[in-house]
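K.L.:
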């Protein structure tokens, strides 16, 4: 942007609020480095334990393998796969034909005798989750609403979070007399503060209707993702959930530099001091910048109050662990930002308990597919295809196989993030928290 002559004006609150650093710096700030290393260390520890346990190894062995990998490959004649065998990370190296024969020996051959007995993924899903033969007679339900992706304004497509569309799903659960409790599955790095507040108010309305709300955090529930989680009666996270990032920022780009370079200037008259105040073709006035910064600071104070009210803490206690800092699920539990560590099923059971239910059904409340999406679903009527159509996998799920893929992904992600800056107040509760 600097080379193009574009001036980026940043307004933020929170020492660790680093979501805007890609637009203002060429490197990571010391504060961002400290915070990121903190939660990544927790995630790395959990990863080592998860890998070591089924392989009968120790986390220290996984650490040693990673630390010594380059030196071992520099002095060893083995390939990387052979090194993995030597370190007991894998059992053996075989060809596809050898693997097929192994599975035939273990499971038997298929009818044709040319492969092992097996089934494809779509068939497997139908077997493990078959369509009920008898109608469900249980009336009491725990409703599950999935809030996945960046939080945007208005009505968004199925598989994303929209201030209006996600609120409508929660409202549907609230008005359904069969629904006795709500689980909000949050997997979001945040986004628009305005849209986040709209969703939060719908959660409060659900609680006011006498229905407990439990949040189950996925990979992310940071910034705006935590904003919509804070009022819940109970919050569940996994040890590796990325959460927190309680902070606010605003960003405004002005283009007077490149416009002036080509002889284009903006001028005019107005009836009030606000006339043309936000004209991106002019230099941003100091009084306008001061007003925006004050608005951002007020937004941060409101964020602190929301968390304090939801978590039964003081504003000062929240501020001490906020400042835009990201925490792992493990740290969040110790800090009081979450109540339990566990998965979605445990969160659903907790919601049922709070509602006093023993026998209940789980109902996912989702947006209806568009006519074109429904048409494709009808053609490819398998559970696997249906999930692909409705999920609309985000950019972070695109497979990257080379260094070029990674670079192109980062460029596309930056452009995509700029397109998502749609808050009417130019105020964002967003976390730039990615793991590679």
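Residue numbers (this note's numbering): 734 to 1169.
Using N, Cα and C, we set each Cβ at its ideal position, and we do this for glycine too.
(1) How many whole angstroms separate the CB atoms of residue 914 and residue 945, which I take to be in contact at a CB cut-off of 8 Å?
(2) Please report the distance separating the alpha-carbon of residue 982 from that of residue 829.
(3) For residue 1006, count neighbouring Cβ atoms within 10 angstroms of its own Cβ and tell me buried if that reaches 16, exposed if not.
(4) Report yes if the CB atom of residue 1053 is closer than 8 Å to the CB atom of residue 875, and no otherwise.
(5) Are there 16 or more other CB atoms within 10 angstroms of the CB of residue 808, so buried, or fewer, so exposed?
(6) Determine, using beta carbons only, whether residue 1228 and residue 1059 come nearer to each other than 8 Å.
(7) Taking its Cβ as the centre, do 16 or more other Cβ atoms sit within 10 Å of residue 839, making it buried, or is it exposed?
(8) What distance in whole Å lies between the Cβ atoms of residue 892 and residue 920, which are believed to be in contact at a cut-off of 8 Å?
(9) Just tell me which of 988, 1070 and 898 has its CA closest to the CA of residue 962.
(10) So, at 8 Å on beta carbons, what are the nonlocal neighbours of residue 817 in its own chain, with the 5 sequence-adjacent residues on each side left out?
(11) Where residue 1021 and residue 1010 are concerned, what is the direct C-alpha to C-alpha distance, given to the nearest angstrom?
(12) Assign residue 1132 to buried or exposed, taking buried as 16 or more other Cβ atoms, counted over all protein chains shown, within 10 Å of its Cβ.
(13) Report yes if the CB atom of residue 1082 is closer than 8 Å to the CB atom of residue 976, and no otherwise.
(14) Please identify the residue among 940, 814, 898 and 859 whose C-alpha is closest to the C-alpha of residue 916.
(15) If we count Cβ pairs, one from each stretch, closer than 8 Å, do we get three or more for the segment 763–770 versus the segment 745–752?
(16) Do you know how far the Cα of residue 746 is from the Cα of residue 1000?
(17) Nearest-angstrom Cα distance between residue 1023 and residue 1086?
(18) Pick out whichever of 984, 843, 935 and 885 has its Cα sitting closest to the Cα of residue 878.
(19) Where do the N-terminal and C-terminal ends of the beta strand (DSSP E) with residue 905 fall, by residue?
(20) Report yes if the C-beta distance between residue 922 and residue 958 is below 8 Å; otherwise report no.
(21) What are the boundary residues of the alpha helix (DSSP H) that includes residue 893?
(22) Does the Cβ of residue 902 have 16 or more other Cβ atoms within 10 Å, making it buried, or fewer, making it exposed?
(23) Whose C-beta lies closer than 7 Å to the C-beta of residue 744 among residues of the same chain, with five residues either side of it excluded?
(24) Apart from the five residues on each side of it in sequence, which residues of its chain come closer than 7 Å, Cβ to Cβ, to residue 757?
(25) When the Cα atoms are used, what is the spatial distance from residue 1125 to residue 956?
(26) In angstroms, rounded to a whole number, what distance separates the CA positions of residue 1031 and residue 980?
(27) Going by DSSP in three states, residue 948 sits in which element: helix, strand or coil?
(28) Using the three-state DSSP reduction, which class does residue 953 fall into: helix, strand or coil?
(29) How many whole angstroms separate the CB atoms of residue 884 and residue 929, which I take to be in contact at a CB cut-off of 8 Å?
(30) Alpha carbon to alpha carbon, how far is residue 859 from residue 1012? Give it in angstroms, no decimals.
(31) Taking Cβ to Cβ, would you say residue 811 is nearer than 8 Å to residue 1092?
(32) Per DSSP, which residues does residue 918 bridge with? Please list them.
(33) In chain order, which alpha helix (DSSP H) runs of at least 4 residues are fully inside the segment 1014–1098?
(34) Could you tell me the alpha carbon to alpha carbon distance between residue 850 and residue 834, rounded to whole angstroms?
(35) To the nearest angstrom, report how far apart residue 853 and residue 844 are at their CA atoms.
(36) Look up residue 967 in the DSSP assignment and give the residues it is bridged to.
P.N.:
Well, looking at it:
(1) 5 Å
(2) 52 Å
(3) exposed
(4) no
(5) When all chains shown are included, residue 808 counts as exposed.
(6) With the chain represented from 734 up to 1169, any question about residue 1228 goes unanswered, as that position is not in the structure.
(7) exposed
(8) Incorrect: roughly 11 Å between the Cβ atoms, too far for contact.
(9) 1070
(10) 823
(11) Across the structure, residue 1021 and residue 1010 are spaced so that their CA atoms are roughly 7 Å apart.
(12) At residue 1132 the pLDDT is 47, less than 50, meaning the model places this residue with poor confidence; the figure from the coordinates comes in the next sentence. It counts as exposed.
(13) no
(14) 940
(15) yes
(16) 32 Å
(17) 49 Å
(18) 935
(19) Premise fails: residue 905 lies in the alpha helix (DSSP H), 896–908, not in any beta strand (DSSP E).
(20) Cβ distance < 8 Å, so residue 922 and residue 958 count as in contact.
(21) Taken as a continuous stretch (DSSP letters only), residue 893 belongs to no alpha helix (DSSP H), as it is neither H nor E.
(22) buried
(23) 982, 983, 1025, 1026 and 1029
(24) 741 and 743
(25) Caution applies to residue 1125, whose pLDDT of 39 falls short of 50 and renders its modelled position unreliable; the model cannot decide the point.
(26) 11 Å
(27) strand
(28) strand
(29) 5 Å
(30) 57 Å
(31) no
(32) 879 and 949
(33) 1019–1044, 1048–1054, 1062–1068 and 1077–1087
(34) 11 Å
(35) 15 Å
(36) 947
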